[in-house]
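Here the structure comes first, spelled out in structure tokens, and everything after it is commentary.
Protein chains: 4
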Amino acid sequence: MDYQKVIDRIHGELLELWGQGKVADYIPALAKVNPRQFGIALITLDGQEFLSGDAGVCFSVQSISKVFTLAMVTRHIGDGIWKAVGREPSGNPFNSLVQLEHEQGFPRNPFINAGALVVTDRLISLYPHPKDAILEFVRGLCGNDDIYYDKEIARSELDHADRNMALAYFMKSFGNIENDVDILLDVYCHQCAISMSCEDLARAFLFLCNRGTNPLNGEQVLTVSQAKRLGALMLTCGFYDESGDFAFRAGLPGKSGVGGGIAAYIPGNLSVTVWSPELNRHGNSLIGMEALERLTTDIGNSIF
Amino acid sequence: MDYQKVIDRIHGELLELWGQGKVADYIPALAKVNPRQFGIALITLDGQEFLSGDAGVCFSVQSISKVFTLAMVTRHIGDGIWKAVGREPSGNPFNSLVQLEHEQGFPRNPFINAGALVVTDRLISLYPHPKDAILEFVRGLCGNDDIYYDKEIARSELDHADRNMALAYFMKSFGNIENDVDILLDVYCHQCAISMSCEDLARAFLFLCNRGTNPLNGEQVLTVSQAKRLGALMLTCGFYDESGDFAFRAGLPGKSGVGGGIAAYIPGNLSVTVWSPELNRHGNSLIGMEALERLTTDIGNSIF
Amino acid sequence: MDYQKVIDRIHGELLELWGQGKVADYIPALAKVNPRQFGIALITLDGQEFLSGDAGVCFSVQSISKVFTLAMVTRHIGDGIWKAVGREPSGNPFNSLVQLEHEQGFPRNPFINAGALVVTDRLISLYPHPKDAILEFVRGLCGNDDIYYDKEIARSELDHADRNMALAYFMKSFGNIENDVDILLDVYCHQCAISMSCEDLARAFLFLCNRGTNPLNGEQVLTVSQAKRLGALMLTCGFYDESGDFAFRAGLPGKSGVGGGIAAYIPGNLSVTVWSPELNRHGNSLIGMEALERLTTDIGNSIF
Amino acid sequence: MDYQKVIDRIHGELLELWGQGKVADYIPALAKVNPRQFGIALITLDGQEFLSGDAGVCFSVQSISKVFTLAMVTRHIGDGIWKAVGREPSGNPFNSLVQLEHEQGFPRNPFINAGALVVTDRLISLYPHPKDAILEFVRGLCGNDDIYYDKEIARSELDHADRNMALAYFMKSFGNIENDVDILLDVYCHQCAISMSCEDLARAFLFLCNRGTNPLNGEQVLTVSQAKRLGALMLTCGFYDESGDFAFRAGLPGKSGVGGGIAAYIPGNLSVTVWSPELNRHGNSLIGMEALERLTTDIGNSIF
């Protein structure tokens, strides 16, 4: 399979979709990004890398970071985390409080905001320097020590965190947040503001593609079973209330962020990250969703 | 892999769970089944069959039939069906009306009752003799002409169909049901009352395992893409509000029924059906769910 | 107080609002009414009658009939009815199923459709000829034997009763409907199709204004306590999800119908009915709501 | 009418209900109150006062303060407040976020917590020293300069304000809170911690009983129309999700607080406050609700 040719063709064909989506504007710092950017990075388990377009440009990973923090917490407390957060698709938008009220502060899954806040809360309980620990973990995954928080975005997120503050206080009122809400939001806004390129992210997801073990350095990040489970969660919950549709169309485990990035993989085969800032109405990259659907169609491979 | 040994061991180990679940009792005819039954049928794509326990005993397939009717309608009108029903996990119980009201009579997916009623409604519009057509389709899938409706169960379902009547009239009030509600319920209650064994069902799902083409007779039932999509729907929506958990634990596309059956498969590899009548609190076979989780663990294979 | 002058002035001033609302069109027979009609009838407890505009024209009382059936059932089973229906405002539209699902088939109050269906269901259990009994009761209240069902409207309601069928089957699935759903809907659609004038209705509500005893014939229809309670229900629940607003603006117990009528009263003082077919977005008569607010302001009297 | 005899008899009869309710325990300072206290104060518009039991003991008014702040804001901005908060019964518990999400941060009415927070937020925008202004207003209403905040309770409320923090941040995310959330919560927790006796409260509600003008000093606090409207709101929304039931049983405008107090009145006639700390499951004083129902029955007077 000539992956380079495939991703280059997809890259070329989809440029015509520029202008059909809308850059995230809920925080000023994100709204400033140039919308006309589009990158693809595809890395096979045997180590071949294929890049197209803006695959080397750094962007804000946003919710993709929820996979990293969940992996960190899973390593430490394993199935213990599932006492605090569920694993069912939510059927509601990413920042909804309705389900949370009906189920008494127990978030549906770790990839809606409420669930991710609980995961980060537990991470804060586990690590004395949580912000350093997250960076170190991500750097280790992709073998790149030049990964940093975008401080301007982190600050802008904190300045516009009313909804997430509400989610955190709401869960705290049910006893499902252990730490101070201000500290929690500081760490959470930083993790969302991690700045990485498609190439970095495609590398960082190789350990999931490889049943929990990082093929770059041989380190076992998660057990086989934990990796399988994280993949299942990404497939069923990785795209907010568009998760079912992404599974239906692309048939891959993946995770999107409102920065316009999507990291996905075919188990045992390859990791692929796409990025383009314009979002569809569900908050997922419009071009990115289309790119991954075409990719699985063109290479005739999905998990189904 | 010695599949016979694997399923026999699982069969033996799980007998101790008898008594922990509860046979479906919402209709009298279903409640009469002997709870202490447990069968496993595993069929590989290359034609080997492995049976254990009560794999040859016929039972009521109930919601597993929703896969058959969806496949029938998909063959005829393809993506047209998605104008009438969604493909997102519902996050609500199988017979909930709440989501239906918020989304104006458009059911979340074809595997909750509301969605399945819409699918059967369209099937009635397509076939002059819908009940005959369903039987014929299922017989063709598994190569067994001795598959029938259990008339007593169908009648009992019809006598206790108030909730499904409500769902159908509710969607009709939004214009999303084309046919007479009484006719719709008659067909629907019959499709739920199809009587099949684990062996029949494992064969009947081989076409999905084989990318749409029935390996028993070479017939293309669905296109590759349609088969992939049906698999994705089963994975994200096949187990009511326990779908995420099943994906998390077993990592397979599958579909359960309140008769206690579960049909699942590993794409390109094997089809497996388990059956035991006692249900957990989500309405899925308690022993069946456990059996499939152990199976994927023991054979070290899932889609992730 | 010169009531004639007051209602004539209000009648004259509000004609300019014609065209700002919308006649009910959910059934064809109702949609045919001439929208440019507006009547007021005000009757004091001491027997003076004041009429203005189309106060003698008969119209479809629709949901105003819910007060009559509730009074009939209350007479027979008293507080027993509150085991089957609640008395809290619903905060939801009149035909919503959401609350019903959350509270297991127990409707919030007797003036939303679900609650009214339960009341009529019990009335059917109490009377061998329920449709005759309702007419007889209403005729007795207003001393007019020429009150009938509008058969064309009743038939049209029945032909478009999908939503109410859904409500009835849904509650039956929870065991909260005793009779056959088809029979229930027949009686219910007839009670909504009672045809009365403003004058008839203002007389028919005098018994509530007079603490339960009909001043026209001295008959005690309800006890003092029952009449007080029915009034409280009308105030808190009589105008669907606009009940609070009507209490806020007019400060009177009252009941509206989608035919454009509103019956209201000042306890111990007077009964007043207004009618104009154009509805506001909550399904209440646009001109009628305004007329009653002006009336209580002009005569400086409400219950607060 | 010998009011003293009536309230003494009610006081005596209801003592047997002690132990059937439960003192509010959501903040430690409230939980410390002696549950076996019960006071009644009834004051007629012509100035007669009748006291029974613990009518002179000060307690925490809690949500009864929402009437005071609403009156203060109404005086200044009149109907302007209704752009920020609704006037429909909520049908949900007092601290629910569900409705708030469905209606985009616009609370149903000013007596649920969310609505009261919006009212206090506007009060903060209007007054440079809001906490002083509230005390001054309340002292003026009842002619008692010895009314203070219970500082221990205010502090305890602030320490356990997670749910109200969530409500405030949630509404702020929709743009419906103008001031800093920490400042808002400080004022709000203080207003809830006002300490008054039944006698104080019965006097403080006389202005509503008297169509807006304080009979103690002749000051017009609200216009006739504003007073009517505040009364309507109390009747439809004053008792959380038990408002309909209180209207049904007692038929009076009133407002309860989780401190166990209930202030109510018969327009143009009398003001009555009851207090007993044990609450029913809706958060209203169990003995207080019963006492007011008996009172209206015994004196044969309600608004209906």
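Chains A, B, C and D, in that order, give the protein sequences.
As numbered in the numbering used here, residues 1 to 304 make up the first sequence, in order.
As numbered in the numbering used here, residues 305 to 608 make up the second sequence, in order.
As numbered in the numbering used here, residues 609 to 912 make up the third sequence, in order.
As numbered in the numbering used here, residues 913 to 1216 make up the fourth sequence, in order.
Beta carbons: idealized from backbone N, C-alpha and C, even for Gly.
It should be emphasised that the depicted structure is a prediction, and the values quoted were computed from it without experimental measurement.
Beta-carbon contacts of residue i that lie in its chain and below 7 angstroms, excluding the five residues immediately before and after
{"i": "Glu696 of chain C", "result": "Arg716 and Asn717"}
{"i": "Asn818 of chain C", "result": "Leu653"}
{"i": "Phe778 of chain C", "result": "Leu705, Leu708 and Gly713"}
{"i": "Asp1043 of chain D", "result": "In the sequence on display, residue 1043 of chain D carries Lys and not Asp. Contacts found: Val1099 and His1102."}
{"i": "Thr600 of chain B", "result": "Ala554, Gly555, Leu556 and Ser606"}
Within chain C, partners of residue i - CB distance below 7 angstroms
{"i": "Glu405 of chain B", "result": "Ser704, Leu705 and Val706"}
Same chain only: Cβ atoms within 6 angstroms of residue i, ignoring 5 sequence neighbours per side
{"i": "Gly865 of chain C", "result": "Val669, Gln670, Ser671 and Ile672"}
{"i": "Phe1086 of chain D", "result": "Gln1016 and Gly1017"}
{"i": "Leu1038 of chain D", "result": "His988"}
{"i": "Thr682 of chain C", "result": "Gln834"}
{"i": "Ile1136 of chain D", "result": "Note on residue identity: the sequence assigns Val, not Ile, to residue 1136 of chain D. Excluding positions up to five away in sequence, the list reads Arg1123 and Gly1124."}
{"i": "Lys1161 of chain D", "result": "As written in the sequence, residue 1161 of chain D is Arg, which differs from the Lys given in the question. Glu1205."}
{"i": "Ala551 of chain B", "result": "Leu539"}
{"i": "Ser460 of chain B", "result": "Ile331, Pro332 and Ala333"}
{"i": "Thr997 of chain D", "result": "The amino acid at residue 997 of chain D is misidentified as Thr; the sequence shows Val. Within the same chain, Val997 of chain D has close Cβ partners Pro1019, Pro1022, Gly1027 and Val1030."}
Within chain B, partners of residue i - CB distance below 9 angstroms
{"i": "Ser733 of chain C", "result": "The contacting residues do not exist; Ser733 of chain C stays about 18 angstroms from chain B at best."}
Proximity test, Cβ basis, 8 angstroms: residue i and chain A
{"i": "Asp914 of chain D", "result": "no"}
{"i": "Asp549 of chain B", "result": "yes"}
Chain-ordered chain B contacts of residue i [CB-CB under 7 angstroms]
{"i": "Ala774 of chain C", "result": "Ala470, Tyr473, Phe474 and Ser477"}
{"i": "Asp770 of chain C", "result": "Tyr473, Lys476 and Ser477"}
{"i": "Ser156 of chain A", "result": "By Cβ distance, chain B contributes nothing, its closest Cβ being about 31 angstroms from Ser156 of chain A, past 7 angstroms."}
Residue-level contact to chain C via CB, residue i, 8 angstroms cutoff
{"i": "Glu925 of chain D", "result": "no"}
{"i": "Ser1168 of chain D", "result": "no"}
{"i": "Lys1140 of chain D", "result": "yes"}
{"i": "Pro1179 of chain D", "result": "yes"}
Within chain C, the residues that residue i reaches when beta carbons sit closer than 8 angstroms
{"i": "Glu1000 of chain D", "result": "Pro697, Gly699, Asp849, Glu850, Ser851, Gly852 and Asp853"}
{"i": "Gly971 of chain D", "result": "The sequence given here has Phe at residue 971 of chain D, not Gly. Going along chain C, no residue has its Cβ under 8 angstroms from Phe971 of chain D, so there is no contact; the nearest lies around 27 angstroms."}
Cutoff 8 angstroms: residue i Cβ touching any chain B Cβ
{"i": "Asn113 of chain A", "result": "no"}
{"i": "Arg108 of chain A", "result": "yes"}
Cut-off 8 angstroms between Cβ atoms - residues of its own chain near residue i, not counting five sequence neighbours on either side
{"i": "Ser285 of chain A", "result": "Gly21, Ser256, Gly260, Gly261, Ile262, Val274, Trp275, Ser276, Pro277, Glu278 and Leu279"}
Contact set between residue i and chain D, taken where Cβ atoms lie within less than 7 angstroms
{"i": "Cys845 of chain C", "result": "Gly1156"}
Neighbour list for residue i in chain D, Cβ cutoff strictly below 9 angstroms
{"i": "Leu841 of chain C", "result": "Gly1156, Ala1159 and Phe1160"}
Rounded distance between the beta-carbons of residue j and residue i, thought under 8 angstroms
{"i": "Pro823 of chain C", "j": "Ile1215 of chain D", "result": "Contact doesn't hold; Cβ gap of about 20 angstroms is too wide."}
{"i": "Cys142 of chain A", "j": "Asp54 of chain A", "result": "Contact flag wrong, Cβ pair sits at about 17 angstroms."}
{"i": "Val1217 of chain D", "j": "Thr981 of chain D", "result": "As shown, chain D starts at 913 and ends at 1216. That puts residue 1217 of chain D outside it, with no answer to give."}
{"i": "Val1184 of chain D", "j": "Ala1114 of chain D", "result": "6 angstroms"}
{"i": "Tyr873 of chain C", "j": "Ser803 of chain C", "result": "Not confirmed; about 21 angstroms, so no contact."}
{"i": "Ile40 of chain A", "j": "Cys198 of chain A", "result": "6 angstroms"}
{"i": "Phe354 of chain B", "j": "Gln308 of chain B", "result": "5 angstroms"}
{"i": "Leu650 of chain C", "j": "Ile615 of chain C", "result": "6 angstroms"}
{"i": "Ala1203 of chain D", "j": "Leu926 of chain D", "result": "6 angstroms"}
Residue i at chain D interface by Cβ criterion, 8 angstroms
{"i": "Gly859 of chain C", "result": "yes"}
CB contact below 8 angstroms: residue i versus chain G
{"i": "Ser302 of chain A", "result": "Here chain G cannot be found, since the structure's protein chains are A, B, C and D."}
### Message
Which complete alpha helix (DSSP H) runs does the stretch 165-250 of chain A hold, if anything under 4 residues is left out?
### Response
181-192, 198-204, 206-209, 224-237 and 243-249
### Message
At 4 residues or longer, what runs of the alpha helix (DSSP H) sit wholly inside the stretch 1038-1071 of chain D?
### Response
1042-1054 and 1063-1071
### Query
Quick one: complete alpha helix (DSSP H) runs, 4+ long, within the stretch 950-1018 of chain D?
For the stretch 950-1018 of chain D, whole alpha helix (DSSP H) runs of length 4 or above, ordered along the chain, are 977-989 and 1010-1014.
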